[in-house]
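One structure below.
Residue numbers (this note's numbering): 65 to 155.
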């Protein structure tokens, strides 16, 4: 399984299952699986809100809020774009 190391998000792509498993988000170690449509929805949302100066708040595991600055949102968008370009089922 190919490992993808981004600035905000890192994890592995499973070719057989066509899913991306997030294993690190910012400094937090996590285990969360994204299907292509979920990644696309997240990417669309972030692109629509990337210019909001106050940033965004993401919730990990339905309980842990993680604040993303405007710059971190742009880095996360770049990471998600990289995942889409490197994972055949995600483009």
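Virtual Cβ for every residue (Gly too), placed ideally from N, Cα, C.
Exercise for the section: Going by CA-CA distance only, name the one from 96, 95, 72 and 82 that's closest to residue 131. Expected result: 72
Exercise for the section: Name the one or two DSSP bridge partners that residue 69 has. Expected result: 74
Problem - residue 120 in three-state terms, based on DSSP - result: strand
Practice task
Return helix, strand or coil for residue 96, following the three-state DSSP convention.
Solution key: strand
Problem - With 16 other Cβ atoms within 10 Å as the buried cut-off, status of residue 97 - result: exposed
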